[in-house]
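Visitor:
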Amino acid sequence: MCMIEDVDKLLVLSDVTRKAAKSHRCCECGRGIERGEQYRYETGVSDGRVVTHKTCAHCLIVREWLSGECGGWVYTMTEEDLVEHCNGYGHPMSVYRLAVGQRRRWRTRKGALMPLPTCPPTTHERAGAA
Ligand SMILES: [Zn+2]
Ligand SMILES: [Zn+2]
């Protein structure tokens, strides 16, 4: 079960990678994107309204996986979608680690920013490799 099916697609007007000059808030995990970090800045139109999304580098990995797994993602809903996938049938550990990382706002127990995760293989890739 995946949530991308019943949501309006966002029409993306611009999509750039920026280096933060001041701190921002990630629209997916809610963490602060600190000065000097790279993040994705997207502007688009959804439901006739202009919306902007700032996404941290870590959450972009989650999107990459959801995009391969589900064929897309929903802005601000990647955490929910990823958790929903983790409640389903067996994914590799790296998928669960990704969900835990996102829930922890990509912070280790000591509060340091986690290193950027690698994108786990999707079910499709794993089926192809078997
Ligand atoms: Zn999904
Ligand atoms: Zn994030």
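Mapping of the sequence shown onto the working numbering: residues 7 to 136, in sequence order. Glycine residues also receive a C-beta, built at the ideal position from the N, C-alpha and C atoms. All of these numbers come straight from a predicted model, not from anything done at the bench.
Just reading off the beta strand (DSSP E) that S29 is part of, what are its end residues?
Guide: Here S29 belongs to no beta strand (DSSP E), and DSSP marks it neither H nor E.
Visitor: Looking only at its own chain, which residues have a Cβ that is under 8 Å from the Cβ of I67, when we skip the five neighbours before and after it?
Guide: Once the five neighbours on either side are set aside, the close Cβ partners of I67 are L104, L122, P123, T124, C125.
Visitor: Does DSSP put D21 in a helix, a strand or coil?
Guide: D21 falls in the strand class under three-state DSSP.
Visitor: Residues in the same chain with beta-carbon distance under 6 Å from G36, minus the five sequence neighbours each way, listed in chain order, please.
Guide: Once the five neighbours on either side are set aside, G36 has no close Cβ partner at all.
Visitor: Relative to the C-alpha of H97, which candidate in L119, R110, W71 has its C-alpha closest?
Guide: For H97, the nearest C-alpha among the options comes from W71.
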